[in-house]
Amino acid sequence: MRQMFHDSATIASKELKQLARDPVSLALTITFPILLVGIFVVIVSAFSAPSYDVAVVVADLDGSSASKTLIDKLTSSSYIRVTQILQTEEQALHAVEIGSAIGGVIIPKGFGDALMNQRSTFILVATDNSKTTASSIAVSAIGGEAQELTMSFGTQLGGNAVPIQVVSRPISGRPPSGDAVLPGMLGMITILGAFDDIVNAVARERERGTFPRLILTPVNIFSIYSGKMVATVVVNALRTTLMLSIFVLTGLVIRGNILLVYLITSLIAIFTLSLGLLLSSRIRSSSTLTILEIAITFPLFQLAGTFQSPQLLASGGKSIALSLPWTYGNEALRRVIYLGLGLDAITSDLLILLFSSLILLPIATVLSKRTI
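As numbered in our numbering, residues 2 to 373 make up the sequence shown, in order.
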């Protein structure tokens, strides 16, 4: 019995010593359940938005006191944010088409006169339906403010005013076939694939003992990382082709240049790999990297614009979302696939991904040299 306890203590001591040799893995082993619960708390908090921030533009073709009152009501709404007051319907439609606004409110000429004389009138709301939840919130909020204006005029006129009709007209966005989350899903598949690539490219190679041998060759570590990145881009292109084929078979219509889709997913993969290389310079175990991948994935589904616009998050969640380069990659995919926009419309999104990668890769290289 004494020998059994002695052997058990010896094995336990050995396990603890092995864990102590990798302090990052030890810390993650202890804190992972806490981290996972904390992630879910962050997600719930991010979605507990007391108000929304859906961008809309307004074209006031009437210029009456009634239209100005409506604009004041829209501006004070807790659900939408009026970003511009425009002069023509064409300007409002263009703002929605290029993705700078979710909705465009057009107040027609004669709007105020019709209200004062208790005649039927309407406002037009042009929407970008590539973000279905955001556009629905915008239409609902505008309808609510129009109803309040109707009640206000009814009180002033001493009777029941004729209700203002809100005519919703989707002018761009997803076609009748194809799911609204598919561009974001493609982005997430790219991210997960790149994380798996880094586990295979560095962590498992370290565990097999081949990575130190590779370092000892005349090839510098930056070239090693660049080569692994090129291989990931090639694999990612094959993965993108497979996923696009599946999406098209399920009814997705790609309105933009398909080469831009490949460019975006490649830059998403490169940024993810750069982050993975940085993490792998401090984390040696493939299982630990896998745990970290899972921990990162949960909030990314909500924060990186996979399912819905970051504009619908609470202020804290929105701030986090806008600080993640992946969010801009998903937004670029949505603009190309559903809005049919070109390179000029997504240049800023691509530059954020590119510069983020250029910052992380040299840091990962330096840290790797210090830990070899």
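All C-beta atoms, glycine included, are put in the ideal place defined by N, C-alpha and C.
9 Å Cβ cutoff met for residue i and residue j
i: residue 88; j: residue 115; result: no
i: residue 268; j: residue 355; result: yes
i: residue 138; j: residue 55; result: yes
i: residue 187; j: residue 241; result: yes
i: residue 57; j: residue 102; result: yes
Residue i versus residue j - alpha carbon distance
i: residue 283; j: residue 197; result: 17 Å
i: residue 63; j: residue 124; result: 11 Å
i: residue 293; j: residue 68; result: 53 Å
i: residue 141; j: residue 351; result: 33 Å
i: residue 72; j: residue 78; result: 10 Å
i: residue 362; j: residue 110; result: 57 Å
i: residue 178; j: residue 245; result: Unreliable positioning characterises residue 178 in this predicted model, as indicated by a pLDDT of 49, which lies under 50. The coordinate reading is nonetheless provided below. So the alpha carbons of these two residues sit roughly 15 Å apart.
i: residue 298; j: residue 270; result: 14 Å
i: residue 84; j: residue 341; result: 23 Å
i: residue 333; j: residue 260; result: 13 Å
i: residue 234; j: residue 153; result: 60 Å
i: residue 316; j: residue 344; result: 30 Å
i: residue 129; j: residue 98; result: 7 Å
i: residue 306; j: residue 156; result: 43 Å
Extent of the continuous beta strand (DSSP E) to which residue i belongs
i: residue 105; result: 104-108
i: residue 126; result: 122-129
Own chain, CB closer than 7 Å to residue i, minus 5 neighbours either side, in chain order
i: residue 144; result: 167
i: residue 323; result: 311
i: residue 66; result: 113
i: residue 192; result: 269, 273, 301, 327
i: residue 330; result: 188, 265, 268, 269, 350, 354
Where the alpha helix (DSSP H) through residue i begins and ends
i: residue 151; result: 133-157
i: residue 337; result: 326-338
i: residue 269; result: 259-281
i: residue 119; result: Where residue 119 is concerned, there is no enclosing alpha helix (DSSP H), given that its DSSP letter is neither H nor E.
i: residue 315; result: Segment: none, residue 315 is in no alpha helix (DSSP H) and carries neither H nor E.
i: residue 92; result: 90-98
i: residue 67; result: 66-76
Cβ shell of residue i (< 6 Å), same chain only, five flanking positions each side left out
i: residue 183; result: 248, 253
i: residue 255; result: 338
i: residue 100; result: 336, 340
i: residue 107; result: 60, 90, 93, 125
i: residue 76; result: 83
Bridge partners - residue i, DSSP secondary structure assignment
i: residue 400; result: There is no way to answer for residue 400, as the model of the chain reaches only from 2 to 373.
Sequence-distant residues of its chain with Cβ nearer than 8 Å to residue i (five each side left out)
i: residue 264; result: 351
i: residue 276; result: 361
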